[in-house]
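Protein sequence lines correspond, in order, to chains H and P.
Going by this note's numbering, the residue at position 32 of the first sequence is 34; the numbering climbs one at a time, nothing skipped.
Going by this note's numbering, the residue at position 121 of the second sequence is 123; the numbering climbs one at a time, nothing skipped.
What follows is a single structure, written as structure tokens, with notes after it.
Protein chains: 2
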Amino acid sequence: VATDDTGDQAELLAAVTELGAALRELVAVSVTTTVGPAELRAAAAQAREAAAGLGVSRRSRDQLPVLDDPVRFRRVYNPVSGIGSAVAPPLVIRRVDGGVEAEATLGPPYEGSPSYVHGGMSALLLDQVLSAAAHSAGLWGMTGRLELDYRRPVPLETALLLRAAVADSRGRRVTVAGSIALAEAPDHALVQARGMWVAPRPERVEEYFSAITDASGRPSRPHRPDDTAAGVDGA
Amino acid sequence: VATDDTGDQAELLAAVTELGAALRELVAVSVTTTVGPAELRAAAAQAREAAAGLGVSRRSRDQLPVLDDPVRFRRVYNPVSGIGSAVAPPLVIRRVDGGVEAEATLGPPYEGSPSYVHGGMSALLLDQVLSAAAHSAGLWGMTGRLELDYRRPVPLETALLLRAAVADSRGRRVTVAGSIALAEAPDHALVQARGMWVAPRPERVEEYFSAITDASGRPSRPHRPDDTAAGVDGA
């Protein structure tokens, strides 16, 4: 928890983190369990009970979560890096010299061919990591193009290293390259990616995001990290 | 439930389907709830309780689920199309003249930029749909290359149509093209995809999948649908 969170926000973030971890574990065990129908139905009933408790108060699609931080680019429910997302591993993406990197070990929920990571899941993770590399270089954009070369299958339950760096930046467009490798052999890419991110023109930003507000109801638009206007990141 | 399921399998499939739906709803409400820390922690405790009940008996990574069907290419926990996967929307992919298509409406768990589908999530879904088009043409392979062009953002909570068809097939390689569009404007692609799937050489199939067995312990290898050997699909 960052030091400039208020106490209330820190407590909320801790609870969101706890729920994210519990749901992630539940999802993982749900795809590997061999219990019978009665036990599956009992778990489904417990899940519905938990959902009912959470469902008493919900935000609209256009209102950002209270914990999302436009300045620090924290999006707690992002499906790749969100600490509160049960869909996300979650990836912890950190800045390094010249770009970003993240470690991950992916379990059975991410399986494509037996015992390997789904090819599209590799694309999902790389889209986020390449986007983060653009952010870390002070750029913002939405995915314009993404190219993936799959050289070897990516094994489940094995420590992976994802890396990305900006290759080129011109005006509203930034080109980023990255890879997934085994953590023990980080320079032998299993999957290579190259993509282009495009910052929409201001009139497009207005068209796409005119309804979006932060949790307090104030308009909020995506923007480059070095802009002074309030905004949020995206991928 | 297909008519050639045994009664026990039909009952199990119904329970797996019920749990998948309950978990999907729980994940969706968990990213939009605005309840406080105490309620979040209570839901986390319920989730851990459900996980404990499911965790009393689990398969290993190398053993396929009992419901996975090598002949009908059913993979119940696939992260895009698996009826039992809380990560999956799930996509129901059907054969049509010349290829495959699927309808989907994606909620907040799949968000990238505010109110739009994550760019990498579009890639994940398209990888699966393109792979299914290859299958439906009697081909099998693992993703070799995937190229995505993002023309317009894909909105959340809006009916989408995904389509794919085989463009070319030579030896072990098949090229597939597809798109995501609004269901109400199916010929105006928001995202276009093109990819190449490669059936590994037999010695590679053995290397990659030597440990994989079906639920009864019998070796199981991915294969083309028209092969007579037992096998499973993958993406």
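Note that CB positions come from ideal geometry on N, CA and C, so glycine has one too.
Computed from a predicted model, the values in this text were never measured in an experiment.
How would you list, in chain order, the residues of chain H whose beta-carbon sits under 7 angstroms from the beta-carbon of residue i?
i                : result
Ser218 (chain P) : Correct list: empty, because the minimum Cβ distance to chain H is about 12 angstroms.
Glu13 (chain P)  : Pro39
Ser83 (chain P)  : What Ser83 (chain P) touches in chain H: nothing, since even the nearest Cβ is about 10 angstroms away.
Ala53 (chain P)  : Glu27, Leu28, Val31
Asp64 (chain P)  : Ser117
Ala17 (chain P)  : Pro39, Leu42, Arg43
To the nearest whole angstrom, what separates the beta carbons of residue i and residue j, a pair I think is in contact under 8 angstroms?
i                : j                : result
Tyr79 (chain H)  : Val33 (chain P)  : 4 angstroms
Tyr118 (chain H) : Val176 (chain H) : Actually they are not in contact, since the Cβ atoms of Tyr118 (chain H) and Val176 (chain H) sit about 31 angstroms apart, beyond 8 angstroms.
Leu28 (chain P)  : Ala49 (chain H)  : 5 angstroms
Ala125 (chain P) : Ala191 (chain H) : Contact doesn't hold; Cβ gap of about 17 angstroms is too wide.
What is the rounded straight-line gap between the Cα of residue i and the Cα of residue j?
i                : j                : result
Ala1 (chain P)   : Gly57 (chain H)  : The structure shown does not extend to residue 1 (chain P), since chain P is modelled only from 3 to 237, so the question has no answer here.
Pro116 (chain H) : Ala136 (chain P) : 18 angstroms
Ala167 (chain P) : Val98 (chain H)  : 41 angstroms
Trp199 (chain P) : Leu164 (chain H) : 23 angstroms
Leu162 (chain H) : Leu127 (chain H) : 12 angstroms
Ala232 (chain P) : Tyr210 (chain H) : Below a pLDDT of 50, predicted positions are generally treated as unreliable, and Ala232 (chain P), at 33, falls in that range; the measurement from the model is reported next regardless. Approximately 49 angstroms, taken between the alpha carbons.
Gly86 (chain H)  : Leu66 (chain H)  : 14 angstroms
Arg206 (chain H) : Met144 (chain H) : 12 angstroms
Glu159 (chain P) : Thr107 (chain P) : 5 angstroms
Gln194 (chain P) : Arg154 (chain P) : 10 angstroms
Ser62 (chain P)  : Ala40 (chain H)  : 21 angstroms
Pro92 (chain H)  : Glu208 (chain P) : 32 angstroms
Ala12 (chain H)  : Val37 (chain P)  : 15 angstroms
Leu141 (chain P) : Ala17 (chain P)  : 31 angstroms
Gly146 (chain P) : Arg220 (chain P) : 28 angstroms
Ala47 (chain P)  : Ala53 (chain P)  : 10 angstroms
Leu150 (chain H) : Leu21 (chain P)  : 34 angstroms
Gly100 (chain H) : Pro81 (chain H)  : 25 angstroms
Ser1 (chain P)   : Ala213 (chain H) : Absent from the structure is residue 1 (chain P), since the part of chain P shown begins at 3 and ends at 237.
Ala45 (chain P)  : Gly9 (chain P)   : 34 angstroms
Pro224 (chain P) : Ala187 (chain P) : 36 angstroms
Leu148 (chain P) : Gly173 (chain H) : 26 angstroms
Ser59 (chain P)  : Thr35 (chain H)  : 6 angstroms
Ser171 (chain H) : Arg226 (chain H) : 13 angstroms
Determine the chain P residues that contact residue i at a beta-carbon separation under 7 angstroms, and present them in chain order.
i                : result
Ile214 (chain H) : Pro116, Ser117
Gly140 (chain H) : In chain order: nothing, as chain P lies at least about 18 angstroms away.
Pro221 (chain H) : By Cβ distance, chain P contributes nothing, its closest Cβ being about 11 angstroms from Pro221 (chain H), past 7 angstroms.
Just to confirm my understanding: we take residue i, look at its own chain, exclude 5 residues before and 5 after, and list those with CB closer than 7 angstroms. What are they?
i                : result
Ile95 (chain P)  : Ser83, Val102, Ala104, Val131, Ala134
Ala30 (chain H)  : Gly109, Pro110, Pro111
Pro202 (chain H) : Met144, Tyr210
Thr230 (chain P) : At Thr230 (chain P), the pLDDT of 42 sits below 50, so the modelled position is not reliable and the matter cannot be decided from this model.
Arg26 (chain H)  : Ala88
Asp64 (chain P)  : Ala213, Ile214, Thr215
Ala90 (chain H)  : Asn80, Pro81, Val82, Ser83, Gly84
List, in order along the chain, the chain P residues whose C-beta lies closer than 8 angstroms to that of residue i?
i                : result
Arg50 (chain H)  : Ala24, Glu27, Leu28
Ala125 (chain H) : Gly122, Ala125, Leu126, Asp129, Leu148, Leu150
Leu21 (chain H)  : Ser32, Leu42, Arg43, Ala45, Ala46, Ala49
Gly57 (chain H)  : Val31, Thr35
Which same chain residues, not among the five before or five after residue i, have their C-beta less than 6 angstroms away from its C-beta?
i                : result
Ala179 (chain P) : Ala169, Arg196
Asp216 (chain P) : Leu66, Ser222
Ser138 (chain H) : Arg97, Val102
Chain H partners of residue i, CB-CB under 8 angstroms?
i                : result
Pro155 (chain P) : Met144, Tyr210
Thr160 (chain P) : None at all; the shortest Cβ gap to chain H is about 10 angstroms.
Arg60 (chain P)  : Val31, Thr34, Thr35, Thr36
In chain order, what residues of the same chain lie with their CB nearer than 8 angstroms to the CB of residue i, ignoring the 5 residues before and after it?
i                : result
Gly114 (chain P) : His120, Gly121, Gly122, Met123
Arg76 (chain H)  : Leu69, Asp70
Residues of the segment 101–114 of chain P in Cβ contact with chain H at a cutoff of 8 angstroms, in chain order, please. Pro110, Pro111, Tyr112, Glu113, Gly114
Of all the residues that make up the segment 85–98 of chain H, which are near chain P by a beta-carbon distance shorter than 7 angstroms? Gly86, Ser87, Ala88, Val89
Listed from N- to C-terminal order along the chain, which residues in the segment 165–191 of chain P have their beta-carbon within a distance smaller than 7 angstroms of any beta-carbon of chain H? So the list is empty, because no residue satisfies the distance condition.
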